[in-house]
Amino acid sequence: MKYSFSADVVTASRQFTCADMTSDGQNQIFEVEIWVTDKAGNQDLCKTYIKLQDNADAANGRPEGACKDTVASLASISGKLLTEDQQGGRICNRAN
C-alpha cells in the first residue's frame, strides 16, 4: 500500500508554509485528501482537515511564533486511523 496526498503516488508529503497562514497565524484549517494505492493500482481516498496554528515559542526565543521570522521549523502530525464503524485499523508508518 502506498499513501499519498493526491492520486499521484509520488506526492507522499505535503508542505505548508507561512504564506498559507492567515495574517494573525491562528487556526488556519486546510482540507486535505489522503489517497491509498494498492499493488494493482486500485485507489481510494478520504478527506480530512488539518488545523495549523502558529503558537508563540518564547522558550526558544520566538515569542511571536515562527511565521513572523524566517526561521525554518519542523512539525509532526499524529492521528488515529479508524474505519467508518470506529474500529481500529492496521497502523502503517511512512517515512520520507
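Counting in the working numbering, the sequence shown runs from 21 upward without gaps. Even for Gly, the Cβ is constructed at its ideal location relative to N, Cα and C.
Item, Value
"Residues bridged to Q35 [DSSP beta-bridge criterion]", "In DSSP, Q35 forms no bridge with anything."
"Distance CB(D57)-CB(K22) smaller than 8 Å", "Before going on, a small fix: residue 57 reads as Thr here, not Asp. In this structure, K22 lies closer than 8 Å to T57 by Cβ."
"Helix, strand or coil at D105 [DSSP, three-state]", "coil"
"Burial state of S24 (16 or more Cβ within 10 Å)", "buried"
"Where the beta strand (DSSP E) through C66 begins and ends", "Q63 to L72"
"Inter-residue Cα distance where the pair is A32 and A60", "18 Å"
"C-beta atoms of I54 and C66 nearer than 8 Å", "yes"
"Buried/exposed call for D105, threshold 16 Cβ in 10 Å", "exposed"
"Pairwise C-alpha distance: V29 and Q35", "16 Å"
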